[in-house]
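Position in the sequence shown (first residue = 1) + 5 = this note's numbering.
Using N, Cα and C, we set each Cβ at its ideal position, and we do this for glycine too.
Worksheet: one structure, shown below.
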Amino acid sequence: MFSGIKKYVVGLIIKTSSDAANVEKDGVYIAKLNMILVQILKQEWPKHWPTFISDIVGASRTSESLCQNNMIILKLLSEEVFDFSSGQMTQVKAKHLKDSMCNEFSQIFQLCQFVMENSQNAPLVQATLETLLRFLNWIPLGYIFETKLISTLVYKFLNVPMFRNVTLKCLTEIAGVSVNQYEEQFVNLFTLTMCQLKQMLPLNTNIRLAYSNGKDDEQNFIQNLSLFLCTFLKEHGQLIEKRPNLRETLVEALHYMLLVSEVEETEIFKICLEYWNHLAAELYRESPFSTSTSPLLSGSQHFDVPPRRHLYLPVLSKVRTLMVSRMAKPEEVLVVENDQGEVVREFMKDTDSINLYKNMRETLVYLTHLDYADTERIMTEKLHNQVNGTEWSWRNLNTLCWAIGSISGAMHEEDEKRFLVTVIKDLLGLCEQKRGKDNKAIIASNIMYIVGQYPRFLRAHWKFLKTVVNKLFEFMHETHDGVQDMACDTFIKIAQKCRRHFVQVQVGEVMPFIDEILNNINTIICDLQPQQVHTFYEAVGYMIGAQTDQAVQEHLIEKYMLLPNQVWDSIIQQATKNVDILKDAETVRQLGSILKTNVRACKAVGHPFVVQLGRIYLDMLNVYKCLSENISSAIQTNGEMVTKQPLIRSMRTVKRETLKLISGWVSRSNDPQMVGENFVPPLLEAVLIDYQRNVPAAREPEVLSTMATIVNKLGGHITGEIPKIFDAVFECTLNMINKDFEEYPEHRTHFFYLLQAVNSQCFPAFLSIPPAQFKLVLDSIIWAFKHTMRNVADTGLQILYTLLQNVAQEEAAAQSFYQTYFCDILQHIFSVVTDTSHTAGLTMHASILAYMFNLVEEGKISASLNPASQHNQGYVQEYVANLLKTAFPHLQDAQVKVFVTGLFSLNQDIPAFKEHLRDFLVQIKEFAGEDTTDLFLEERETSLRQAQEEKHKLQMSVPGILNPHELPEEMCD
6 MFSGIKKYVV GLIIKTSSDA ANVEKDGVYI AKLNMILVQI LKQEWPKHWP TFISDIVGAS
66 RTSESLCQNN MIILKLLSEE VFDFSSGQMT QVKAKHLKDS MCNEFSQIFQ LCQFVMENSQ
126 NAPLVQATLE TLLRFLNWIP LGYIFETKLI STLVYKFLNV PMFRNVTLKC LTEIAGVSVN
186 QYEEQFVNLF TLTMCQLKQM LPLNTNIRLA YSNGKDDEQN FIQNLSLFLC TFLKEHGQLI
246 EKRPNLRETL VEALHYMLLV SEVEETEIFK ICLEYWNHLA AELYRESPFS TSTSPLLSGS
306 QHFDVPPRRH LYLPVLSKVR TLMVSRMAKP EEVLVVENDQ GEVVREFMKD TDSINLYKNM
366 RETLVYLTHL DYADTERIMT EKLHNQVNGT EWSWRNLNTL CWAIGSISGA MHEEDEKRFL
426 VTVIKDLLGL CEQKRGKDNK AIIASNIMYI VGQYPRFLRA HWKFLKTVVN KLFEFMHETH
486 DGVQDMACDT FIKIAQKCRR HFVQVQVGEV MPFIDEILNN INTIICDLQP QQVHTFYEAV
546 GYMIGAQTDQ AVQEHLIEKY MLLPNQVWDS IIQQATKNVD ILKDAETVRQ LGSILKTNVR
606 ACKAVGHPFV VQLGRIYLDM LNVYKCLSEN ISSAIQTNGE MVTKQPLIRS MRTVKRETLK
666 LISGWVSRSN DPQMVGENFV PPLLEAVLID YQRNVPAARE PEVLSTMATI VNKLGGHITG
726 EIPKIFDAVF ECTLNMINKD FEEYPEHRTH FFYLLQAVNS QCFPAFLSIP PAQFKLVLDS
786 IIWAFKHTMR NVADTGLQIL YTLLQNVAQE EAAAQSFYQT YFCDILQHIF SVVTDTSHTA
846 GLTMHASILA YMFNLVEEGK ISASLNPASQ HNQGYVQEYV ANLLKTAFPH LQDAQVKVFV
906 TGLFSLNQDI PAFKEHLRDF LVQIKEFAGE DTTDLFLEER ETSLRQAQEE KHKLQMSVPG
966 ILNPHELPEE MCD
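Now the structure itself:
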């Protein structure tokens, strides 16, 4: 059967692709046939079709159009085996195919060489070069460096317009090879390519202009050129540096890099930036602390400069200018120029632009470390040209100020002080000098961005800090789009980084600045929108949190909350006389806003906020109960649709913010006993029965998250209350979420967080609830890990793993638990392991299964899992084998046996256990003909996360690389 299909497909391909006219006409059809053949090859070759390579090479010599198509087949095969094999085939098979291809490569290489040297057929040569490009990342290196390949590519194809792009890609692939031998060949590759390049693109070409006027393939050539130079210089730049006779060629290559860096195309700029970043970082790391004065300005005789830096000085100065004039927009800047040239507030964060900014910032910081005086000179000159008008434009001012903000921490403190004083004076002067709201908004946003980036400077210069904060208060009255938002955002950043300075009496002042702020709070915030007021309150909260004298702090909190408390008291008084006031839309909206202010204030002040919380606590819970009754009766009267009405939504906001305030304070409190005795009882009384009685649509998911916070914070102190909490919220919530995987997503996630909290903090409570309720708990955990919502499934697996470990500690309960639930849990875990939509949980699946098989193997389960069988291990092996055979009847007994044996023998080694599971999944899928690409999803996520952590460690070690607001507190003061 299979050999019949194979013969048929091969025959069709030969027939269709032997005629050049057909190839043109039936391109899509032939492409499909080629893919089918490659899928057949993955099963048949080399075992059942050992002569495939010699067959295809032999056939290629009979006809040029057949040869062209065969090249495409070889390219596809190479991609399948070397680029996409992980997760598509078992590890053993992938290795076997790779070895076979390498062993038989000489025939393929001879064919490619034959075509490149003899063929006059352009499409065939193009296809051969494309195929060669795919081979270059895996073929044995001798084929590249011990043959005429490099010189053939450079001399024969690089300067032919139709082949130059694919040829340059091949040369880039070769340039990226990282080995210690073949030095001469790399030098040869560089000099030959540079020599051809100068003929094709003379050094005096204006590449920026050429690019903007160029056709597609010319633009691609410039992009490929940037890739070649970036790859070669990163990998082998030091090899070229060491040879005095190649200095000039190196300088020319750097000159090309600079010219290409000026091209107005972000993707090309990113490629160049990667090289400049690499170069600057490498030069800095070689001697981080050498030379504090400017090597450029002090002349070449300076003995302090390491020799490698010397070589790059002139080019790095040009790169600094480039970075300053092209700096991307930082995340903090909210005032932007839109496509119509209007100055507006930015609403969508542009993640691409933020990443570009981070890379440019890092590069400029390294460049500043290498020569800060040159950086300062460039920036000061450009600022001077803004002030005198010769270079004035919004774009020029923006990029300059973004660059100035980005090097915070990279200069010595004295230099930073001198430089910043000039910058801020010039910008304030510019703000006075320019007319027009748009101009002022742009300048204001730049002033705010820069001052927000230099907390170290502000901490050291109180007068300046005070001036800056007063300027921010001024901007809080400026109604131009985005200015107030940015003023509040900058204020909160400064408050976090300089908090202590606001609560101390500074030299020349009669009182701490916090008192001045609180005295004038009314005037400062009168033009702000509610959400801006909330940000403002959080900022002031950080200052108050820094006051260490408790009595003074309590007095500050009282003064700080005076305004919201006056409105609150007046509403509570009216409600005491007439409770219907709590049905008035404006009143309810005000309550919501006051509570939001309290939430943000509490977030910043922390535990000491208890004085304010205690003041409003009981009234707040009464309002909660009252609004709850209003919502319930509205639903009874008008049905569930009423929950969409603005008034009802405002009432729910008040309930939610109440819960947020309580859980926010509990999570920051430092006295669990006080919380448990004074705050928890009235809370449970107000919210639990209310939650249970409400219709599902009116239940607040925050009740569940607040309970989870309390359980996590109070731990054992709250174990006694768990049955009461469970009675009220457990079953009624489970009934909301056990019909499907989608409805009530917030209740779903919070419900499982609560389960997780009880499981890890108050496990004994699970043992004291009735068996029927415990079974419900276990069912809900199983339901959790079957979710397609990643966060819920992950939480479910985490709960199960912890539960199994907790049960093992409780000797009395463990054996009956195993007897009742062990096999059941195994079955459910296998059902998600073999479900493709759950691949991301593979590590956790492996950990749980390994733990369970280990329990069996080590005899930890003494009770018999099956009355008919004496040995648990034998029984479990048989149980799992039957389970899998029933689910996947196409598997052979031998496959299942090997798999089950591995589950026992590998359960001490999680990574090996996981690979074992993954190989089994490939075997299941190979029969089903499904796509196996997602089996490595988790690895990709993990490696990205580890790379990010490594990078962060590295960044921490270089002053100025991290934004000052990403630094931990203790590194700031």
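Between residue 148 and residue 178, what straight-line distance do the alpha-carbon atoms span, to the nearest angstrom?
Between residue 148 and residue 178, the C-alpha separation is close to 14 Å.
Which one or two residues does DSSP pair with residue 342 in a beta bridge?
DSSP lists 348 as partners of residue 342.
Considering just the uninterrupted stretch of the alpha helix (DSSP H) at residue 198, what are its terminal residues?
Where residue 198 is concerned, the enclosing alpha helix (DSSP H) stretches over 188-205.
Among residues of its own chain, excluding the 5 on either side of residue 442, which ones have a beta-carbon nearer than 7 Å to its beta-carbon?
Closer than 7 Å at Cβ, skipping near neighbours: 485.
Less than 8 Å between the CB atoms is what I'm expecting for residue 671 and residue 601, so what's the real figure, rounded?
Residue 671 to residue 601, Cβ: 18 Å. No contact.
Could I get the ranges of all uninterrupted alpha helix (DSSP H) runs contained in the region 517-561, with 4 residues as the minimum, in chain order?
Whole alpha helix (DSSP H) segments, 4+ residues: 518-524, 526-530 and 535-550.
Rounded to a whole number of angstroms, what is the C-alpha to C-alpha distance between residue 269 and residue 546?
Computed Cα separation, rounded: 45 Å.
Flag this pair as touching only if the region 335-354 and the region 258-278 have three or more C-beta atom pairs under 8 Å; answer yes or no.
In short, these stretches do not touch, since the Cβ pair count stays below three.
For residue 709, I'd like the list of residues in its chain whose CB is within less than 8 Å of its CB, leaving aside the five on either flank, ordered along the chain.
If we look at residue 709 and ignore the five residues flanking it on each side, its Cβ neighbours are 734, 738, 752, 755, 756, 758 and 759.
Between the region 387-403 and the region 363-378, are three or more C-beta pairs nearer than 8 Å?
Output reads no: the region 363-378 does not touch the region 387-403.
Mind checking which residues open and close the alpha helix (DSSP H) that includes residue 257?
Where residue 257 is concerned, the enclosing alpha helix (DSSP H) stretches over 252-266.
To the nearest angstrom, how far is the alpha carbon of residue 576 from that of residue 713?
Each residue's alpha carbon lies about 31 Å from the other.
If you run the structure through DSSP and keep just helix, strand and coil, what is residue 936?
For residue 936, the predicted model reports a pLDDT of 49, less than 50, meaning its position is unreliable and no value from the coordinates is stated.
Tell me the rounded alpha-carbon separation between residue 981 and residue 176.
This structure cannot settle anything about residue 981, because the visible part of the chain is limited to 6 through 978.
Smallest Cα separation from residue 881: which of 893, 864, 245 and 491?
For the residues 893, 864, 245 and 491, the minimum Cα distance to residue 881 belongs to 864.
Which residue wins for smallest C-alpha separation from residue 26, given the options 16, 533, 73 and 53?
The shortest C-alpha separation from residue 26 is found at 73.
Once you ignore the five residues that flank residue 833 on each side, which residues in its own chain have a CB closer than 7 Å to its CB?
Correct list, in chain order: 787.
Taking residue 620 as part of the alpha helix (DSSP H), name the residues at either end of that continuous run.
615-643 is the span of the alpha helix (DSSP H), which, as asked, contains residue 620.
Looking at residue 159: is its Cβ nearer than 7 Å to the Cβ of residue 208?
No.
Leaving aside the five residues before and after residue 772 along the sequence, list all residues of the same chain whose C-beta is less than 6 Å from its C-beta, in chain order.
These residues qualify, in order along the chain: 818.
Is DSSP giving residue 994 helix, strand or coil here?
Nothing can be reported for residue 994: it is not among the residues displayed for the chain, which extend from 6 to 978.
One question on the structure: do residue 705 and residue 660 come within less than 7 Å of each other, judged by their Cβ atoms?
Yes; because the gap between Cβ atoms is below 7 Å, this pair is in contact.
Roughly how many angstroms separate the alpha carbons of residue 291 and residue 237, rounded to a whole number?
Looking at the two C-alpha atoms, the distance is approximately 20 Å.
Can you tell me where the alpha helix (DSSP H) with residue 848 in it begins and where it stops?
Per DSSP, residue 848 belongs to the alpha helix (DSSP H) from 847-862.
Give the DSSP-derived three-state secondary structure of residue 109 in the structure shown.
Residue 109: coil per DSSP, three-state reduction.
Note down the Cα distance separating residue 887 from residue 858, rounded to an integer number of angstroms.
Residue 887 and residue 858: Cα-Cα distance of roughly 16 Å.
Buried or exposed for residue 515, please, with buried defined as at least 16 other CB atoms from any protein chain shown within 10 angstroms of its CB.
It counts as exposed.
For residue 651, which of helix, strand or coil comes out of DSSP?
In the structure shown, residue 651 sits in a helix (DSSP, three-state: H, G or I).
Secondary structure at residue 701, three-state DSSP: helix, strand or coil?
Reduced to three states, the DSSP call for residue 701 is helix.
Would you tell me roughly how many angstroms separate the C-alpha atoms of residue 885 and residue 905, rounded to the nearest one?
So the alpha carbons of these two residues sit roughly 7 Å apart.
Could you tell me the boundaries of the alpha helix (DSSP H) in which residue 354 lies?
No alpha helix (DSSP H) contains residue 354, which DSSP labels as neither H nor E.
Does the distance from the CB of residue 254 to the CB of residue 325 come in under 7 Å?
Contact flag unset, no.
Can you give me the C-alpha to C-alpha distance between residue 798 and residue 778, rounded to a whole angstrom?
The straight-line gap from Cα to Cα measures roughly 21 Å.
How is residue 412 classed by DSSP in three states: helix, strand or coil?
Three-state DSSP puts residue 412 in coil, outside helix and strand.
Jot down the residue ranges of each uninterrupted beta strand (DSSP E) in the region 756-825, minimum 3 residues, whole runs only, in chain order.
Fully enclosed beta strand (DSSP E) runs of 3 or longer: not present.
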